[in-house]
Each structure stands twice: as C-alpha cells, then as structure tokens.
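Trainee: If you read the sequences in order, they're chains A and B.
If you count the first sequence from 1, position 79 lands on 79 in this note's numbering, and the numbers rise without skipping.
Add 1000 to a position in the second sequence, counting from 1, and you land on the number used in this note's numbering.
Virtual Cβ for every residue (Gly too), placed ideally from N, Cα, C.
Here it is, the structure, as structure tokens.
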Amino acid sequence: ILNVEQSPQSLHVQEGDSTNFTCSFPSSNFYALHWYRWETAKSPEALFVMTLNGDEKKKGRISATLNTKEGYSYLYIKGSQPEDSATYLCAFSNNNDMRFGAGTRLTVKP
Amino acid sequence: SAVISQKPSRDICQRGTSLTIQCQVDSQVTMMFWYRQQPGQSLTLIATANQGSEATYESGFVIDKFPISRPNLTFSTLTVSNMSPEDSSIYLCSVGILLANYGYTFGSGTRLTVV
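Shown next as structure tokens:
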C-alpha cells in the first residue's frame, strides 16, 4: 500500500509571507516524486518531478526538496501572492504505480 | 505537452441516474487515466483506459459502476452509473507516462454533485 501523506491539510497566510508544506511517502521502491498545483476549476499543473535524493528544484518563487532515504519532500513558496492560492498535490511513483496525497490547500490573503 | 478537453465541467444529478464524462486529447496517447477526488480525500485512480482492450480497474472500482470506453487514441469516456450521494466528487482524466521525468497532464475536471 502506497500511503502519501501531506501536511498541513490547509494553510492561510498573508501576502508576502513565506510558507512551506510537507509530503511524506514510502521510502522503498522509490522512482519519482511529483508536485502539482491545482487551482479551482482548472487542471492540475505539474510543478516539479524529482527523482534523486537531495534534488532541489526551483520555479520562480516556488522550490522543492527531496529526501528519498527518509521519505519526505518539502515545497517552499517565498513571498506568497494571492495568485498562489491553490491546492498543492504531491504524488509518489514506483515502477508500477503513482499515488497522490490529499493535498495542501493554500489561501493567500491580500 | 498534450492538451485535454474534459466535459461537462460540473453537473448536479439525481440519485439512480448515470452521467458520462468525456475527455478529448489533442494528440494520440497510449494510456489514459481516470481519477476521483472525494471531498477531503486523495486523488484516487479509478482505472487505466487502454485503446483496443478493456480498462484496468483499481481495487474498489468495478466496471459495472464505472464503465469506460476508449474507442481511439485521442478519446475516452467514463460513466458513473446508478449514482448515489457518495459518488459526489471531482472526476479527472489524465495522460502521462509512469516512468517519465515529467508530470501527467490533466483535464480540468468534472465536479459532480448527486442529490
């Protein structure tokens, strides 16, 4: 059973705050860890795919790190903006399967 | 990357009825995936739709409840049959390659409410 856990479930921050949230996943048979951003009424959008322990990826104000040995990934948002409000999903994949967490719902208040 | 058109975007249905969701992809793809997200839950894979063969269903999902068609490499439908309020969810179709170094592409989702 592939259990992917995300925390917190929801998060409210003020514009300009930096924030981060966590994805934990099974550390065995790891292939890749995906992060997606899912805005209401839109398609989930792929942010990052990470495969190597210690990977760090960055896209603008958003970055992610990966620790495959202990089974966790962090997503960081620097200087949050209202347009960052979305649900952030992580997904773990091995050779056979990809499983998603329940997501972290981020709300950025102006 | 592929572009997926999914419809309807939302619907409110009476219990006991069925709803068919359609996904059209702008390029030929081998595998299409159907997911469901119930309120507060993870995005859960329902089935993988392969062109020319029957869909492969995940544990807990059956063909009688969620029949899938895949008539060609660009189109698929998922039907939610004999609906109950527990079927109220967001349904998403997706394309991608499991062992690729890029993410899956998703449709914009169908928000289904069963009353």
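1. Which partner residues does E56 (chain A) have in the DSSP bridge list?
2. How long is the line joining the alpha carbons of E1058 (chain B) and I1046 (chain B), rounded to whole angstroms?
3. Have a look at B:T1113, B:T1105, B:S1009, B:D1064 and flag the residue whose alpha-carbon is nearest the alpha-carbon of H34 (chain A).
4. Check whether the region 8–27 of chain A touches the region 1009–1016 of chain B, counting contact only when three or more Cβ pairs, one atom from each stretch, lie closer than 8 angstroms.
5. Please list, in chain order, the chain B residues whose beta carbon lies closer than 7 angstroms to that of F92 (chain A).
6. Counting only Cβ pairs nearer than 8 angstroms, list the residues of chain A close to N1050 (chain B).
7. Please state whether DSSP places P82 (chain A) in a helix, a strand or coil.
8. Please name the residue in A:D17, A:N3, A:L47 whose C-alpha comes closest to that of V140 (chain A).
9. If you drop the 5 nearest sequence neighbours on each side, which residues of the same chain put their C-beta closer than 6 angstroms to that of T51 (chain A)?
10. For a test of the three-state rule: what should DSSP assign to E5 (chain A), helix, strand or coil?
11. Going residue by residue through the region 1029–1063 of chain B, where are the continuous beta strand (DSSP E) segments of at least 3 residues, counting only ones entirely within it?
12. For T107 (chain A) and chain B, any beta-carbon pair shorter than 8 angstroms?
13. Closer than 8 angstroms, CB to CB, is Q1022 (chain B) near chain A or not?
14. DSSP on D17 (chain A), reduced to helix/strand/coil?
15. Buried or exposed for V49 (chain A), going by 16 or more other Cβ atoms inside 10 Å?
16. Under 8 angstroms between C-beta atoms, does N1101 (chain B) make it to chain A?
17. Using DSSP with H/G/I as helix, E/B as strand and the rest coil, what is P1067 (chain B)?
Mentor: From the atom records:
1. A:T65
2. 6 angstroms
3. B:T1105
4. no
5. Those within 7 angstroms of F92 (chain A) in chain B number zero; the least Cβ separation is about 11 angstroms.
6. Residues of chain A passing the Cβ test: none, with the nearest at roughly 16 angstroms.
7. helix
8. Here chain A comprises residues numbered 1 to 110, so residue 140 (chain A) is not present and cannot be evaluated.
9. A32
10. strand
11. 1031–1037, 1044–1050
12. no
13. no
14. coil
15. buried
16. yes
17. coil
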